[in-house]
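For what it's worth, the UniProt record's numbering labels the leading residue of the sequence shown as 1, then goes sequentially.
The beta carbon of each residue, even a glycine, is placed where N, CA and C say it ideally should be.
Structure first, commentary second.
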Amino acid sequence: MQVSLVMQELADRLLPGEEGKESAQLFRVLLCELAAGRPVSRERLAELIHWPANEVAAALERAIGVEYDGAGCIVGYGLTLRETPHAFEVGGRRLYTWCALDALMFPSLIGETARVVSSCAVTGAPIRLTVTPDGIRNLDPASATVSLILPDDSRDIRSAFCCQVLFFVSASAAESWIGTRKHAIAVSVEEAFGLGQELSRRSLLR
1 MQVSLVMQEL ADRLLPGEEG KESAQLFRVL LCELAAGRPV SRERLAELIH WPANEVAAAL
61 ERAIGVEYDG AGCIVGYGLT LRETPHAFEV GGRRLYTWCA LDALMFPSLI GETARVVSSC
121 AVTGAPIRLT VTPDGIRNLD PASATVSLIL PDDSRDIRSA FCCQVLFFVS ASAAESWIGT
181 RKHAIAVSVE EAFGLGQELS RRSLLR
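As structure tokens, then:
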């Protein structure tokens, strides 16, 4: 598959249509609140976004995969307080992301630099990098790649896409994983960052 075509298709599929503009606004506010490292109540979201509580509840109901704690507060949606393979440290707060692409795109959405620590999905070797709103720094190893896959029509974006967007220490390490999955490719971390920037840009224009 041609990488540029897959990247464009992903950019088109991963953003909501016209009916999702308001949900995109809510997501950005939720992301910034989660980045503070604490659960977010529905009431807090309604206050920040100036929506009636019932509209916030309805939007969250439509968002498949939102994580809640025992008190009913939100603890994760893309960015999460629960441990995943992708650690995402912001301002000394250790958070996590659902996938490698989240770790690369969220700094531009929250306007903060993140230290990311993950591991190769094949070898288990550590992968470390710093992600600023504008670029990648200190990538180790420099050969690291990211898998991307065209999601199916499932509404559950985490299972259809996020769980298969991973870091690898190199393109060769990704080959065996990519070879067993339809519509999957491996791209450089810089290319994946570029896709994240495009998704962030389109989201912020909504």
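- Query: Whole alpha helix (DSSP H) runs in the stretch 44 to 77 with 4 or more residues, listed along the chain?
  - Reply: 53 to 62
Inset, instruction - Could you tell me the boundaries of the alpha helix (DSSP H) in which P175 lies? - result: Note that residue 175 corresponds to Glu in the displayed sequence, not to Pro. E175 -> alpha helix (DSSP H) spans A171 to G179.
Q. Do S23 and A59 come within 8 Å of each other at the CB atom, strictly closer than that value?
A. Taking 8 Å as the Cβ cut-off, A59 and S23 qualify as a contacting pair.
**Prompt:** Is the CB-CB distance between I74 and D156 below 8 Å?
**Reply:** no
Q.
Closer than 8 Å is the cut-off here; do at least three beta carbon pairs connect the stretch 164 to 174 with the stretch 136 to 149?
A. yes
Requested in this report: Might you give, ordered along the chain, the residues of its own chain that have their beta carbon closer than 6 Å to the beta carbon of E33, omitting 5 neighbours on each side?
Outcome: V40
- Query: If you drop the 5 nearest sequence neighbours on each side, which residues of the same chain put their C-beta closer than 6 Å to that of W193?
  - Reply: Looking at the sequence itself, residue 193 is Phe, so the reference to Trp does not match. Beyond the five residues adjoining it in sequence on each side, F193 comes within less than 6 Å, by CB distance, of L104 and I136 in the same chain, given in chain order.
Could you spell out the range, first to last residue, of the beta strand (DSSP E) harbouring S188? A184 to S188
Worksheet entry | Sequence-distant residues of its chain with Cβ nearer than 8 Å to Q197 (five each side left out) | M105 and S108
For M1, count neighbouring C-beta atoms within 10 Å of its own C-beta (all shown protein chains included) and say buried if the count is 16 or more, exposed if not.
Residue confidence for M1 is low, a pLDDT of 48 falling below 50, so the modelled location carries little weight; the figure read from the coordinates is stated next. Per the 10 Å Cβ criterion, exposed.
Practice item. Assign G37 to one of two classes, buried (16 or more other C-beta atoms within 10 Å of its C-beta) or exposed (fewer than that). Key: exposed
Report task. Have a look at P141, V56 and V122 and flag the residue whose alpha-carbon is nearest the alpha-carbon of V116. Result -> P141
*Alpha carbon to alpha carbon, how far is L129 from H86?*
So the alpha carbons of these two residues sit roughly 11 Å apart.
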